[in-house]
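Using numbering that gives the first Met the number 0, you'd call the opening residue of the sequence shown number 0 and step up by one each time.
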Amino acid sequence: MTGTPEGKDPILDKITVMIVDDHPVWRRGLKDVLTEYNIEVVAECQDGEAALDMAREQRPDVILLDVNLPKMNGLQIASRLQAERNAAAVVMLTGYDTEEQALHAIRAGCVAYCVKDVAPHKLVDVIRKVVAGSYVIKDQEYDKEGIQAWLNQHIEAATGPYLVDPDEHFVPLSPREMEILRYVTQGKTNKQIAQNLGISHQTVKNHVSSILTKLDVEDRTQAAIYAMRRGWVRIDETRDNPESH
């Protein structure tokens with residue numbers, strides 16, 4: 000796991016933070032909130048490669064990291080930072096509220112896992128706790144022994160390939176993109192998907208383009224195969240559902 004800053008008082012000393020998220024409005028709002036709590040945002044970036052470069056250059060105390068990012072997802076970034084022994088405390092701040100994704104994040108080197116609807120004061124509390132050396136999963140705080148026990152418990156509950164390569168089973172897509180990917184595996188056209196979901200044809204095209212980019216595949220067929228091989232979509236889900244017409 001990545002280290003935590005040493006010799007810093009999380010209450011008295013100003014904490015430095017880097018925000019990694021591909022939504023400018025979200026970054027701006029988050030920066031405004033943190034500034035009100037005397038937390039200094041020293042860097043912002045919107046893709047994985049830039050995040051690694053900025054982390055090396057700025058050496059922030061804490062990195063607030065989204066999962067879904069261009070070029071490199073949050074799990075991959077956390078793993079790289081851990082391999083480089085970067086001292087920043089990495090907090091995964093995501094829309095995914097699942098124990099499985101939390102497990103992957105902690106194994107990758109994150110010291111905290113929070114969902115994006117967390118109250119501002121609670122997020123600030125998490126930041127201060129990780130600077131002090133704690134680990135936090137949602138609202139639960141752990142010390143080193145506690146987080147290891149949590150990991151052991153959840154690893155024992157996991158099955159087969161999840162123990163080998165967490166990145167292989169980490170889903171870098173948003174819930175809406177996963178929904179569209181399931182339709183893609185059923186052979187639906189963009190027009191059919193738009194009708195089924197009640198959204199515009201262009202919106203579907205944008206989502207499909209994003210899916211191909213995040214999965215690093217060239218076409219819809221490769222995306223469908225990618226999803227099925229990783230167990231994101233079951234074979235029975237690829238069969239045409241009469242209710243979807």
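Glycine included, C-beta positions come from ideal geometry on N, C-alpha and C.
It should be emphasised that the depicted structure is a prediction, and the values quoted were computed from it without experimental measurement.
Leaving out five residues on either side along the sequence, give the residues of the same chain with a beta carbon under 8 angstroms from the beta carbon of residue i.
i	result
Met17	Val40, Val41, Ala42, Glu43, Cys44, Ala50, Met53, Ala54, Gln57, Pro59, Val61, Ile62, Leu63, Ala87
Glu217	Leu211
Ile105	Met0, Tyr112, Tyr134, Ile136, Ile146, Trp149, Leu150
Lys30	Ile18, Val40, Glu43
Ala193	Ser199, His200, Thr202, Val203
Val125	Val90, Ala111, Cys113, Val117, Val135
Thr34	Val40
Leu80	Thr1, Leu51, Ala54, Ile62, Ala87, Val89, Gly108
How is residue i classed by DSSP in three states: helix, strand or coil?
i	result
Met71	coil
Glu39	strand
Ala88	strand
Val216	coil
Gly2	Note that Gly2 has pLDDT 49, beneath the 50 cutoff, so the model's placement of it is unreliable and no number is given.
Gln185	coil
Lys13	coil
Around the Cβ of residue i, are there at least 16 other Cβ atoms within 10 angstroms (buried) or fewer (exposed)?
i	result
Val129	buried
Asp20	buried
Lys187	buried
Val207	buried
Asp12	exposed
Glu48	exposed
Asn37	exposed
Ile76	buried
Gly73	buried
Asp65	buried
Arg84	exposed
Gln100	buried
Pro160	Below a pLDDT of 50, predicted positions are generally treated as unreliable, and Pro160, at 45, falls in that range; the measurement from the model is reported next regardless. Answer is exposed; the Cβ neighbour count stays below 16.
For residue i, which residues does DSSP report across the bridge?
i	result
Leu63	Ile18, Val90
Val207	In DSSP, Val207 forms no bridge with anything.
Glu140	Val135
Ala111	Val90, Val135
Cutting at 7 angstroms between CB atoms, please list the residues of its own chain near residue i, excluding the five before and the five after it.
i	result
Pro119	Val32
Leu122	Cys113
Glu176	His206, Ser209, Ile210
Asp96	Val114
Ile224	none
Leu214	Ala222, Tyr225
Glu98	His153
So, at 6 angstroms on beta carbons, what are the nonlocal neighbours of residue i in its own chain, with the 5 sequence-adjacent residues on each side left out?
i	result
Thr15	Glu39, Val41, Pro59, Asp60
Ala107	Leu74, Ala77, Ser78
Gly94	Lys115
His153	Leu102
Arg228	none
Ile234	Only weak support exists for where Ile234 lies, its pLDDT of 49 falling under 50; the value from the coordinates is given anyway. Result list for Ile234: empty, nothing under 6 angstroms.
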